[in-house]
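Chemist: So for the sequence shown, the numbering used here puts the first residue at 6; every next one is plus one.
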Amino acid sequence: MKVLKFGGTSVGTPQRMKDVAALITADGQPKVVVLSAMSGTTNTLVEISDYLYKKNPEGAYSLINQLEQKYLGHVAELYSTDEWRGRTTTFLQEEFNYLRSFTKGLFTSFEEKVILAQGEIISTNMVTNYLLESGVNAILLSALDMIRTDKNAEPDFNYIRECTVAQLTANPGYQIYITQGFICRNAYGEIDNLLRGGSDYTACLIGAAIEAEEIQIWTDIDGMHNNDPRVVEHTVPVRQLYFEEAAELAYFGAKILHPTCIQPAKFAGVPVRLLNTLAPQAPGTIINNEMQRGTIKAVAAKDNITCIGIQSSRMLLAHGFLRKVFEIFETYKTSIDMICTSEVGVSVTIDNTTNLRAIKDELKKYGTVSVEHDMCIVCVVGDLATQNVGFETRACNALQEIPVRMISYGGSNHNISFLVKAADKQRTLQALSKTLFNA
Ligand code: ADP
Ligand code: ASP
Ligand code: MG
């Protein structure tokens, strides 16, 4: 069975929902279909929560009402019978009354997560109702019964596999199994989510759990491009990526994929195909276990990076220094992306600055600490194994005019990363496209 995920734009209007329905039913094969919220909805739900955190129920109320009107407006366009218009209207009214109920009483991150979950709950119900109205043998399975995270907020893979298989086995014979992306339960059974963009992760977790034939991520662009199309002109799709290459690109900022969604697919050996709902015949990108030798595939950039430098004359030949430094980051649950060391200092980058002040204070015991904000990691991905002479030189040559704060090469065979100022991001990406891809 295949697992197909459709992102926010792919279900962004009633017409797009109809197109998705046509796409998933065309070949008559059974499949699992993971849906995001309609585009813009999760952002609105975040904004509603923000008003509630700020104890402004009127602000939240007005956004909920606007969103409700928008959704009720979709009903007439999506359904052709009074029966399904009526059923969906009732469902939507219940949903929006539920959202309004949060404007009274205590508001914490628990309530916020419940609010954020409603976007996917609404879109999946709307599409399932449309399929049922069209006579398709479809069923909606709740992701809250299949996807769970553990105490470290990481997907609990054994639980996910058991529950997903159990849900599918308990409901045999359907052509289309619809479920929500993004939403899950946490280790305490509360409603939670897999972070923004997390529907890709859901699809890959389900695909790995059922050892799917293929996981397809349907979005609004023809596959993974060789550079960020929002920043650089003349980018082109990359037709094939090795799992590791895709994982690095996703982690280092290629927004088309959730940062960690490739891991489960890689472990289960399930290929991932990136496809375009706006051009379903376009070939897209296949991500699989094949490594193409001798090519640089793509460039990506990760924003909001902070660089921390620790200089210490005492570090000279001191064993245990790096352990002490890393222990501090571990204590404050802050992961490090890039590291560069010399005999007298070490520089690391982080993207989560929640505990920066405490980390800085502790690091001061071991050396002189400097912090640089507004940095950006630019990552070049491809066959960058040591024996491939000259590839890293080409990447470095592209950056002749740009002040580079850190370079990381040799951590894997697939990546060379540069730390530059956020203000230099665009010209860095452009320079790399020009040199590496003649764009
Ligand atoms: P969805 O809502 O379907 O999950 P996203 O907006 O999360 O879609 O991801 C698709 C977008 O990712 C594209 O529209 C594109 O602007 C952006 N993007 C960023 N980097 C890349 C890249 N290297 N290749 C393709 N798309 C990219
Ligand atoms: N709806 C969620 C978001 O906007 C998840 C997703 O679309 O992948 O982040
Ligand atoms: Mg996305």
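All C-beta atoms, glycine included, are put in the ideal place defined by N, C-alpha and C. Given the structure is predicted, the values throughout are model-derived calculations rather than measurements.
#1: Which residue comes first and which comes last in the beta strand (DSSP E) that contains Asn-420?
#2: Entirely within the stretch 312-385 and at least 4 residues each: give me those alpha helix (DSSP H) ranges in chain order.
#3: For the candidate residues Ile-364, Val-277, Gly-203, whose alpha-carbon lies nearest to that of Gly-314?
#4: What's the gap between the Cα of Leu-368 and the Cα of Leu-327?
#5: So the beta strand (DSSP E) Gln-297 belongs to, where does it begin and stop?
#6: Any heavy atom of the ligand ASP inside 7 Å of the beta-carbon of Asp-205?
#7: What did DSSP end up calling Glu-219 once you bin it into helix, strand or coil?
#8: Using C-beta distances below 6 Å, list every residue in its chain close to Val-170, excluding the 5 sequence neighbours before and after it, in chain order.
#9: So if DSSP puts Asn-61 in a beta bridge, which residue, or which two residues, is it bridged to?
#10: Just verifying my parser: in three-state terms, what is the DSSP assignment at Thr-113?
#11: Where Gly-186 and Ile-292 are concerned, what is the direct C-alpha to C-alpha distance, given to the nearest angstrom?
#12: Answer with buried or exposed for Asp-227, where buried requires no fewer than 16 other C-beta atoms within 10 angstroms of its C-beta.
#13: Cα separation between Cys-189 and Glu-195?
#14: Taking DSSP as the reference, what is the three-state secondary structure of Asn-130?
#15: Under 7 Å: does the beta carbon of Gly-12 sit that close to some heavy atom of the ligand MG?
#16: Got a sec, what are the start and stop residues for the beta strand (DSSP E) Ser-413 sits in?
#17: Could you pull out every residue in the same chain whose Cβ sits closer than 7 Å to the Cβ of Leu-173, ignoring the five residues on either side in sequence?
#18: Can you check whether the CB of Gln-297 is closer than 8 Å to the CB of Gln-245?
#19: Measure from the alpha carbon of Ala-284 to the alpha carbon of each residue in Val-275, Met-151, Met-380, Asp-225, then state which is nearest.
#20: How many Å lie between Cys-401 and Ile-152 at the Cα?
#21: Taking the Cβ atom as the reference point for each residue, do Asp-356 and Ile-310 lie within a distance shorter than 8 Å?
#22: Kindly identify the DSSP beta-bridge partner or partners of Val-37.
#23: Could you check what DSSP says for Arg-235 in three-state terms: helix, strand or coil?
#24: Tell me the rounded alpha-carbon separation between Cys-209 and Gly-372.
#25: Can you tell me where the beta strand (DSSP E) with Asn-198 in it begins and where it stops?
#26: Is the beta carbon of Arg-37 sitting closer than 8 Å to the one on Val-132?
#27: At which residues does the alpha helix (DSSP H) containing Gln-245 begin and terminate?
#28: Could you tell me whether the Cβ atoms of Val-386 and Glu-250 are closer together than 8 Å?
#29: Comparing alpha-carbon positions, which option in Leu-279, Gly-325, Tyr-56, Val-353 lies nearest Leu-111?
#30: CB Ser-41 to CB Gly-12, shorter than 8 Å?
Modeler: Let's see:
#1: 420-426
#2: The DSSP assignment places complete alpha helix (DSSP H) segments of no fewer than 4 residues inside the stretch 312-385 at 326-336, 361-368, in order along the chain.
#3: Ile-364
#4: 11 Å
#5: Looking at the DSSP string, Gln-297 is not in any beta strand (DSSP E), and its letter there is neither H nor E.
#6: yes
#7: In the three-state reduction of the DSSP assignment, Glu-219 falls in the strand class, which pools E and B.
#8: Setting aside the 5 residues that flank it on each side, Val-170 has no residue in the same chain whose C-beta is closer than 6 Å to its C-beta.
#9: Answer by DSSP bridge pairing: none, since Asn-61 is not bridged.
#10: coil
#11: 20 Å
#12: When all chains shown are included, Asp-227 counts as buried.
#13: 8 Å
#14: The three-state secondary structure of Asn-130, taken from DSSP, is helix.
#15: The ligand MG approaches Gly-12 closely enough that one of its heavy atoms is under 7 Å from the residue's Cβ.
#16: 411-414
#17: Tyr-182, Ile-215
#18: yes
#19: Asp-225
#20: 42 Å
#21: yes
#22: Val-8, Tyr-182
#23: Arg-235: coil per DSSP, three-state reduction.
#24: 43 Å
#25: 196-198
#26: First, the residue type needs correcting, since residue 37 is Val and not Arg in the sequence shown. Taking 8 Å as the Cβ cut-off, Val-37 and Val-132 do not qualify as a contacting pair.
#27: No alpha helix (DSSP H) contains Gln-245, which is instead part of the beta strand (DSSP E) from 245-247.
#28: yes
#29: Tyr-56
#30: yes
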